[in-house]
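I have placed the structure first, in the form of structure tokens, so that the comments after it can refer back to it.
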Amino acid sequence: MLKLSSIIAAGLAVGLSFSATAGTLEDVKKRGMLSCGVSSGLAGFSQKDEKGAWSGLDVDVCRAVAAAVLGDESKVQYKPLTAKERFTALQSGEVDLLSRNTTWTHTRDTSLGLNFAGVNYYDGQGFMVSKKLGVKSAMELDGASACIQAGTTTELNMADYFRANGMKYTAVTFDTSDLTRQGFESGRCDVLTSDQSQLYAIRIGLKDPSSAMVLPEVISKEPLGPVVSQGDDAWFNIVRWSMFALIEAEFLGVNSANVDKMKAEGKPGQKRLLGTEGDAGEKLGLSADWAYNIVKQVGNYGESFERNVGMGSPLKIARGLNAQWNQGGILYSPPVR
Amino acid sequence: MREFQALPAQPAPVDTVGPIGWMKTNLFSTPINAVVSISIFAFLVYVLPDTIDWLFFSANWVGSTQDVCSAEGAGDGACWVFVSAWMQQFIYGSYPDPELWRVNAALVALGLVIAAPYLLPKHFRNTVGVPLFLLFPFIGAAFLDGRIFGLEYVSTDFWGGFSLNIFLAAASIIIAFPLSFLWALGRRSDMPFVRSVCVILIEFFRGVPVLALFFMGSVMLPLFFPEGVTIDKLLRVWIVLILFMSGYMAEVFRGGFQAIPQGQYEAADSLGLSYWQKTLLIIFPQVIKVSMPNILATFVMLFKNTTFLLIIGIFEILNTTQTALTNSNWLEGHAAEGYIFVGLVFWCCCFGMSMISSNIEKKLDTSHRS
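Those sequence lines, one after another, are chains A and B.
The opening residue of the first sequence carries number 1 in this note's numbering; numbering runs sequentially from there.
The opening residue of the second sequence carries number 1001 in this note's numbering; numbering runs sequentially from there.
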């Protein structure tokens, strides 16, 4: 009987884990693993491949933090979370970091006990039309019928936008994004509206992707970014600056190919970022080569963008808002000094 | 005297035997039946050729990327390449390649544990077969986890696919079995406290939808633990499944108890058997026999319910399929292929289980029906 109970106890112990609450950084270092909450499937942002390996723009934030803290981007436990359980997982300490296309809003930032560490993708609601329609701007859409996924903020944004511009439209609502696409394809509506990042994924699913185009207008603000628990400022700084390091590396022209050269003989700014000069890493409680590891193992923001959602991926999303501030976008990292 | 000679037997009229006779009695016996038969037949003629063509003849079978299906000259039917490329994920989840033998071994062990009562000699059944059966979930989980056995540690984040559906369903029902029996006993007990606790448990887990229970387990439960203590998500889900299953099975057992004639209890009492002797030796075997069809039906239900886990982000087979559909390299619309595959897998398993269950029913049938 003793044997039986000890086996049962062992079985339960397998799933039960205690972690000290000294600080997330110490916990992660002790565990040797970063626990990162991601979406269980969103094209280009966090997705699994046939081998079970994770990739995506959101996943790259997890990898960057792991590279900065542990020196190895592969030391990440990915916790797929649904939209409903994501904040609980963060609050209960199941994940150290949530990188799951989460929109930064006032309510979430102020009332949920969490902090947004920054923005890694500026999304917004957009329109896709058939090229045959000959429309070049959303302002020409008066009287159009629109395919919308039901029960989303998309519906409300759409209503606001058309009312504000004194235009009329007919809504044709569908339950899932797959049905919405089929409705658009079969000509039930002139225009399909959804978040821009989703429009590109939907466009690929069309029988003839080149027959449709995404209009330039963005009618809502959806800044997506990584989230951490409130009350651990040291950890907040690490996540925030790991993301800034991705952006700053692109701004400074450092990428995974030339990072070794830049570290040894780069300009002062590059050397400060990569740890040959200054003490940026030490101030974060990390090693001096924290940013070097990020760029070496994950790449800079531009590389990550092109590989996952940009021209190097099937999605082919243009940089748009997500370009550097001196390239027509709004990505801006404070200087590392 | 003329001897009676029977005329040689005439063949039955053409329209009562053979295919024509069968059609006449089964398909065209009344005008309404005839209309229904003809319209179903017309529908099949209309639908089947295209469906079969899509499923088989125009389908693409060989390859490893979706480009095979969209290439010039490729068939415009189903893209089974999607299923074959993702097969390992569908079956094993992300369990690491070199450790896959452990999943296979655990599946085989599960089969053996279930078959043990048939294979073992009679006197080993209660001493070896039953304890092995009851311990399997714990040993199996520890084996897949690996730490206790000194194997490489595979965290539950990597478990997934159809094998996870099987393990979760099996591990839940095995533990729910004794638990629900106790609940059912408690509900019939004379002790008011035990009875009310059991009634509350049973009614709670039967009355609350399983989706709500999953949400409670995955979203609310972690908030009740002290900070720094986390219980593995899969373990929480497993406990929810056990309790849910126990609620249902307890009612199945209660039905079984009610079917046992009062005389059996009285006979056991008059032999001087204690409560547990009476319950385990006299009543339990008869309850099992009576309840078996319902137990197996409940199990099939639980097995299918494991797909609900997709709403809390566990990578069982349906969630894996949806994840595969959102991979940016597989965006060209393979939903139909994926869901047909999942449906087929579940149908095969459930059909197999109902075959086994009718077999078990026959084996247990020592009924007094004439």
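In this text, a Cβ means the ideal position worked out from N, Cα and C, and glycines have one as well.
In this text, all values refer to a predicted model and were calculated from it rather than measured experimentally.
Express the C-alpha separation of residue j and residue i in angstroms, rounding to a whole number.
i, j, result
"Ser-39 of chain A", "Arg-63 of chain A", "15 angstroms"
"Thr-1320 of chain B", "Leu-1344 of chain B", "15 angstroms"
"Arg-31 of chain A", "Val-76 of chain A", "11 angstroms"
"Gln-1258 of chain B", "Leu-1280 of chain B", "16 angstroms"
"Ser-1064 of chain B", "Ser-99 of chain A", "30 angstroms"
"Asp-1365 of chain B", "Ser-1358 of chain B", "10 angstroms"
"Tyr-1339 of chain B", "Met-213 of chain A", "29 angstroms"
"Ser-333 of chain A", "Lys-48 of chain A", "29 angstroms"
"Gln-230 of chain A", "Phe-1253 of chain B", "50 angstroms"
"Ser-1084 of chain B", "Glu-1337 of chain B", "11 angstroms"
"Thr-154 of chain A", "Ser-145 of chain A", "15 angstroms"
"Val-336 of chain A", "Ala-68 of chain A", "15 angstroms"
"Asn-308 of chain A", "Val-1062 of chain B", "27 angstroms"
"Val-298 of chain A", "Cys-36 of chain A", "16 angstroms"
"Gly-285 of chain A", "Met-243 of chain A", "16 angstroms"
"Glu-1072 of chain B", "Arg-188 of chain A", "29 angstroms"
"Val-239 of chain A", "Leu-70 of chain A", "13 angstroms"
"Tyr-979 of chain B", "Gly-1161 of chain B", "A query on residue 979 of chain B cannot be resolved here, the shown segment of chain B reaching from 1001 to 1370 and no further."
"Leu-1048 of chain B", "Phe-1057 of chain B", "13 angstroms"
"Asp-178 of chain A", "Asp-1067 of chain B", "20 angstroms"
"Ala-1115 of chain B", "His-1123 of chain B", "15 angstroms"
"Ala-20 of chain A", "Thr-1156 of chain B", "Note that Ala-20 of chain A scores a pLDDT of 47, beneath 50, so its modelled location is shaky; the value from the coordinates is reported in the next line. If you take the alpha carbons of Ala-20 of chain A and Thr-1156 of chain B, they lie about 21 angstroms apart."
"Glu-306 of chain A", "Ala-323 of chain A", "11 angstroms"
"Leu-1223 of chain B", "Gln-91 of chain A", "8 angstroms"
Using CA coordinates, which residue listed in the options is at the minimum distance from residue i?
i, options, result
"Trp-1238 of chain B", "B:Leu-1296, B:Leu-1135 and B:Thr-1306", "B:Thr-1306"
"Gly-1129 of chain B", "B:Leu-1119, B:Phe-1138 and B:Pro-1137", "B:Leu-1119"
"Val-1229 of chain B", "A:Leu-252, A:Met-33 and A:Val-95", "A:Val-95"
"Lys-84 of chain A", "B:Leu-1107, B:Ala-1268 and B:Phe-1215", "B:Phe-1215"
"Leu-114 of chain A", "A:Thr-103, A:Asn-157 and A:Asp-289", "A:Thr-103"
"Gly-343 of chain A", "A:Ile-294, A:Gly-328, A:Gly-93 and A:Asn-293", "Past the boundaries of the shown model lies residue 343 of chain A; chain A is included only from 1 to 337, so the question cannot be answered."
"Lys-316 of chain A", "A:Ala-288, A:Gly-44, A:Phe-174 and A:Ser-194", "A:Gly-44"
"Phe-1158 of chain B", "B:Phe-1004, B:Ala-1012, B:Ile-1282 and B:Phe-1090", "B:Phe-1090"
"Val-61 of chain A", "A:Gly-328, A:Gly-312 and A:Gly-302", "A:Gly-302"
"Leu-1055 of chain B", "B:Ser-1155, B:Val-1068, B:Ala-1078 and B:Val-1036", "B:Ala-1078"
"Arg-319 of chain A", "A:Asp-123, A:Lys-51, A:Ile-219 and A:Arg-240", "A:Asp-123"
"Pro-216 of chain A", "A:Lys-207, A:Pro-223 and A:Tyr-200", "A:Tyr-200"
"Ser-1070 of chain B", "B:Met-1355, B:His-1334 and B:Ile-1260", "B:His-1334"
"Arg-1236 of chain B", "B:Ala-1059, B:Trp-1276 and B:Met-1220", "B:Met-1220"
"Leu-981 of chain B", "B:Leu-1241, B:Pro-1261, B:Asp-1145 and B:Gly-1272", "Here chain B comprises residues numbered 1001 to 1370, so residue 981 of chain B is not present and cannot be evaluated."
"Thr-82 of chain A", "B:Tyr-1046, B:Val-1342, B:Phe-1308 and B:Ser-1354", "B:Phe-1308"
"Ala-138 of chain A", "A:Gln-149, A:Ala-150, A:Met-158 and A:Asp-233", "A:Met-158"
"Thr-173 of chain A", "A:Pro-268, A:Phe-184 and A:Asn-165", "A:Phe-184"
"Lys-132 of chain A", "A:Thr-170, A:His-106, A:Lys-168 and A:Asp-190", "A:Asp-190"
Counting only C-beta atoms, is residue i closer than 8 angstroms to chain D at any point?
i, result
"Pro-314 of chain A", "The structure shown contains no chain D; the protein chains it does contain are A and B."
Kindly examine the ligand MG and report whether one of its heavy atoms sits closer than 7 angstroms to the Cβ of residue i.
i, result
"Ala-1059 of chain B", "Within the structure as shown, the ligand MG is missing, as the structure has no ligands at all."
Can you tell me whether residue i is buried or exposed? The criterion is at least 16 other CB atoms within 10 Å of its CB, across all chains shown.
i, result
"Phe-1351 of chain B", "exposed"
"Trp-1022 of chain B", "exposed"
"Asp-1050 of chain B", "exposed"
"Trp-241 of chain A", "buried"
"Val-1014 of chain B", "exposed"
"Met-1087 of chain B", "exposed"
"Leu-1007 of chain B", "exposed"
"Gln-196 of chain A", "buried"
"Leu-4 of chain A", "Per-residue confidence for Leu-4 of chain A stands at a pLDDT of 48, beneath the threshold of 50, marking its modelled position as unreliable; the derived number appears in the next sentence. By the neighbour-count rule (16 or more Cβ atoms within 10 Å), Leu-4 of chain A is not buried but exposed."
"Phe-162 of chain A", "buried"
"Cys-147 of chain A", "buried"
"Arg-181 of chain A", "buried"
"Lys-1233 of chain B", "buried"
"Ile-1020 of chain B", "exposed"
"Ile-1040 of chain B", "exposed"
"Asn-258 of chain A", "exposed"
Between the stretch 1287-1303 of chain B and the stretch 1190-1201 of chain B, do at least 3 Cβ pairs fall closer than 8 angstroms?
-> No: fewer than three Cβ pairs fall under 8 angstroms.
Only counting runs of 4 or more residues, tell me where the alpha helix (DSSP H) segments fall wholly within the stretch 58-92 of chain A, in order along the chain.
-> Uninterrupted alpha helix (DSSP H) stretches at least 4 residues long and entirely within the stretch 58-92 of chain A occur at 86-91, given in chain order.
Let me know the beta strand (DSSP E) ranges lying completely inside the stretch 305-332 of chain A, each 3 residues or longer, listed in chain order.
-> Runs found: none.
4-residue-minimum alpha helix (DSSP H) runs that sit fully inside the stretch 1308-1337 of chain B, ordered along the chain = If one requires a minimum length of 4 residues, the alpha helix (DSSP H) runs lying completely within the stretch 1308-1337 of chain B are 1317-1326, in chain order.
Report yes or no: do three or more beta-carbon pairs, one from the stretch 1164-1180 of chain B and one from the stretch 1256-1273 of chain B, lie closer than 8 angstroms?
-> With the rule of 3 Cβ pairs closer than 8 angstroms, the stretch 1164-1180 of chain B does not count as touching the stretch 1256-1273 of chain B.
Three-pair Cβ contact test at 8 angstroms for the stretch 49-60 of chain A versus the stretch 275-294 of chain A = Pairwise C-beta distances place the stretch 49-60 of chain A out of contact with the stretch 275-294 of chain A, as fewer than three of them are shorter than 8 angstroms.
Which whole runs of the alpha helix (DSSP H) in the stretch 88-155 of chain A are 4 residues long or more, in chain order?
-> Fully enclosed alpha helix (DSSP H) runs of 4 or longer: 106-111.
Runs of alpha helix (DSSP H) lying entirely within the stretch 1010-1092 of chain B, each at least 4 residues, in chain order = Complete alpha helix (DSSP H) runs here, min 4: 1018-1026, 1031-1052, 1067-1070, 1081-1085 and 1087-1092.
Alpha helix (DSSP H) runs contained entirely in the stretch 1151-1238 of chain B, provided each spans 4 or more residues | Correct list: 1161-1187, 1192-1207, 1210-1215 and 1221-1224.
Uninterrupted alpha helix (DSSP H) stretches inside the stretch 1265-1299 of chain B (no shorter than 4 residues) = Correct list: empty.
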